[in-house]
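Structure, as structure tokens:
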Amino acid sequence: MTKNIASARISSESSRLLKELNNSFPFDKLLYKEDIQGSLAHATMLEAQEIISKDDLENITVGLNEILEEIESGKWSLKDDSEDIHMAIEGRLTSKIGDAGKRLHTARSRNDQVALDFRLYVQNHNIEIMGLLLELINTIVNVANEHTETLLPGMTHLQHAQPINFGFHMMAYANMFKRDCERFASSYERNNYSPIGCAALAGTPHNIDRELTAQKLGFNAPTQNCLDTVSDRDFALEILFNISTLMMHMSRLSEEIILWCSSEFRFVTLSDKHSTGSSIMPQKKNPDIPELLRGKTGRVNGNLIGLLTVMKGLPLAYNKDMQEDKEGVFDSIKTAELSLAVMSEMLLEMRINSDKMQNACMVGHLSATDLADYLVKKIGIPFRDAYHTVGNVVNMAENVGIDISELTLEQLQSIEPRIDNEAIDILDNRASMNARTSQGGTATIRTIEQIADMKKWLELYTSH
Ligand code: ARG
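Below, the structure is given as structure tokens:
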């Protein structure tokens with residue numbers, strides 16, 4: 069029988085089923101880099117504080133670096149029946165260097181060790197996701213920049229509402245992704261505190277220096293309260309929430325792309341690289357990519373709710389339930405990173421059918437509000453009356469079978485004799501779009517300003 073190195077009071081071999089339930093190694097082996105990085109920093113601190121000798125530190129450092137090399141080169145394939153990555157690496161180290169390996173766990177517990185490894189992993193991916201988001205925003209800004217004069221029907225309730233330009237529409241998404249990016253950045257800052265040295269829950273009598281490990285690992289400082297630290301998974305919940313919100317935004321963009329690809333819209337055409345066929349209908353080109361991005365939002369939301377539910381009833385401090393924190397986070401991170409890369413690539417290659425967008429603006433009397441505003445401003449009719457007058461104008465256009473922007477002056481005057489020629493210009497869809505010059509409005513000049521501001525933000529963010 070091989071004795072479990074972390075079980076001083078367990079005398080018999082664990083049952084196979086217990087191992088299957090208990091062991092996190094099959095999934096937490098993903099944390100090998102962070103585990104080794106954390107152990108190297110911890111050992112360096114132990115030596116600096118004269119808790120272990122220089123020779124021990126030397127052996128531990130060489131041994132851990134060898135293990136890292138073995139894993140990365142596939143020499144140690146991480147097929148192990150260890151309980152978790154922490155025990156696997158400690159076991160491997162001890163088999164290599166003997167007693168020095170057994171001293172590594174002085175003044176720490178797996179509770180602060182796992183809190184450290186997992187936090188480092190999440191912090192690295194906060195940064196990784198921010199990089200991918202910046203690329204996506206950059207792609208969107210470039211598309212928007214090409215289309216500040218491309219008219220399309222702006223919608224509410226998925227019904228034609230007012231003319232806008234496509235650049236303005238895309239910049240709405242750029243703003244969502246900017247907020248997402250800022251959310252990952254603020255989570256990074258809030259959680260950039262080192263858990264190591266908290267030990268099991270209460271700290272340690274050893275004369276450790278948590279400032280030193282925090283600094284070695286790139287954290288701002290050590291966390292304040294050990295009991296909180298080994299119980300805390302807020303950093304994991306935050307990345308899950310941030311990913312859910314990001315995927316919700318990508319899902320909305322995906323939904324619009326799916327609609328725009330349909331024969332009813334044809335506003336965009338996805339590149340063949342990003343379309344799939346049907347096994348029976350030879351004519352089909354399906355937008356599977358945006359459909360999958362939309363669909364994957366379901367699983368990341370599941371991961372968020374899953375961990376919130378795991379955490380909600382746990383007494384302080386560590387409970388084994390918390391081992392359930394990892395798979396959902398790994399899955400959401402992988403999903404978000406792949407989705408972001410795919411979204412950028414798809415947008416880069418997507419063809420925009422400006423003529424189709426423009427033609428669609430001739431349906432739905434998009435400039436009706438402009439005529440009401442004109443009646444208010446020019447003739448002094450109270451808005452509610454103007455609103456009803458324009459309702460009559462729209463009814464007339466419907467009866468004739470044309471758009472409000474195609475009515476003649478005579479037709480307009482048959483409803484309201486005080487209407488003059490200026491109304492004809494005002495009813496033009498492009499004029500309507502360009503009239504919306506209020507702050508944040510769709511007018512081409514305002515859209516161009518929004519693009520310039522976003523570019524400035526991108527430069528600033530990319531540079532730090
Ligand atoms: N595999 C465990 C986890 O992922 C590591 C922490 C174990 N700690 C303990 N006291 N059993 O949560």
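Using this note's numbering, the first residue of the sequence shown is number 69, and each one after it goes up by one. Glycine is no exception: its CB is placed at the ideal position from the N, C-alpha and C atoms.
Strand pairing of residue i, partner residues [DSSP]
i    : result
L219 : N233
N354 : T344
I420 : V336
I261 : The question names Ile, but residue 261 is Tyr in the sequence shown. DSSP, once it has assigned bridges, lists A289 as partnering Y261.
Q44  : No information on residue 44 is available, as it lies outside the stretch 69 to 532 that the chain covers here.
Closest Cα partner of residue i within the set the options
i    : options                : result
E102 : N133, D300, E126, N127 : N133
M223 : K246, N489, H237       : H237
E151 : K87, E118, T174        : K87
E413 : V182, L200, E214, P221 : L200
D96  : T162, Q181, N489       : Q181
E115 : H228, N310, E466, R171 : R171
E490 : G508, D438, T510       : D438
H532 : V444, H274, M198       : M198
I447 : P383, M464, I325, D488 : D488
C329 : K353, I348, S319, M318 : K353
M425 : P231, Q283, F186       : P231
E484 : D185, S500, I449, R504 : I449
A465 : M522, D389, L480, N421 : L480
F335 : F303, R320, R419       : R419
E106 : S83, K284, P383, A440  : The displayed chain sequence assigns Gly, not Glu, to residue 106. Nearest option by C-alpha distance: K284.
I208 : S322, M239, S82, M349  : M239
S299 : D149, Q507, S79, V378  : V378
N371 : D148, I311, S80, N179  : I311
H173 : N210, A109, F451       : A109
R486 : L443, G509, E517, F451 : L443
K341 : E332, E405, P355, M349 : P355
S331 : S347, S319, Q351, R320 : Q351
A289 : E81, G159, L184, G508  : L184
S473 : K445, R320, L376, I492 : I492
D521 : A212, R187, G166       : A212
K15  : F93, A242, L89, I139   : The question about residue 15 has no answer, for the chain in this structure spans 69 to 532.
N127 : I165, M390, Q507       : I165
M390 : S80, F186, I78         : F186
C-beta contact flag for residue i and residue j at 7 Å
i    : j    : result
L305 : S400 : no
G374 : G396 : yes
L495 : S435 : yes
N497 : L220 : no
A168 : D124 : yes
R301 : D393 : yes
I276 : A111 : no
I153 : L99  : yes
L204 : F234 : no
T403 : K364 : yes
F287 : Y256 : no
H317 : I119 : no
T530 : L202 : yes
T313 : M113 : no
G432 : H228 : yes
G265 : R247 : no
S131 : L161 : In the sequence on display, residue 131 carries Gly and not Ser. Against a cut-off of 7 Å, the Cβ pair of L161 and G131 comes out as a contact.
S422 : L361 : no
E217 : T512 : yes
S322 : P263 : no
V368 : M430 : no
N179 : Y386 : yes
E417 : S339 : yes
A440 : A428 : no
A156 : D148 : yes
W144 : E137 : no
Test: residue i CB closer than 7 Å to a CB of chain D
i    : result
D300 : Here chain D cannot be found, since the structure has a single protein chain.
(message) If contact is defined by three or more beta carbon pairs under 8 Å, each pair taking one atom from either stretch, is the segment 262-275 in contact with the segment 287-299?
(response) yes
(message) Three Cβ pairs or more, each shorter than 8 Å: is that satisfied between the segment 246-254 and the segment 191-200?
(response) A contact exists between the segment 246-254 and the segment 191-200.
(request) Entirely within the segment 76-137 and at least 4 residues each: give me those alpha helix (DSSP H) ranges in chain order. (result) 84-90, 93-96, 100-116
(message) Assess contact between the segment 455-467 and the segment 405-423, defined as three or more Cβ pairs (one per stretch) separated by less than 8 Å. Is contact present?
(response) In short, these stretches do not touch, since the Cβ pair count stays below three.
(message) Restricting to runs no shorter than 4 residues, where is the alpha helix (DSSP H) found entirely within the segment 369-394?
(response) Whole alpha helix (DSSP H) segments, 4+ residues: zero.
(message) Which runs of the alpha helix (DSSP H) at least 4 residues long sit entirely within the segment 403-449? Give them in chain order.
(response) 422-428, 436-442
(request) Tell me the start and end of each unbroken alpha helix (DSSP H) in the segment 298-333 that is at least 4 residues and wholly inside, in chain order. (result) Runs of the alpha helix (DSSP H) lying entirely within the segment 298-333 and spanning at least 4 residues, in chain order: 302-329.
(request) Please go through the segment 446-532 and give each complete alpha helix (DSSP H) segment of 4 or more residues, from N-terminal end onward. (result) Along the length of the segment 446-532, whole alpha helix (DSSP H) runs at least 4 residues long occupy 451-468, 477-481, 490-494, 497-503, 512-531, reported in chain order.
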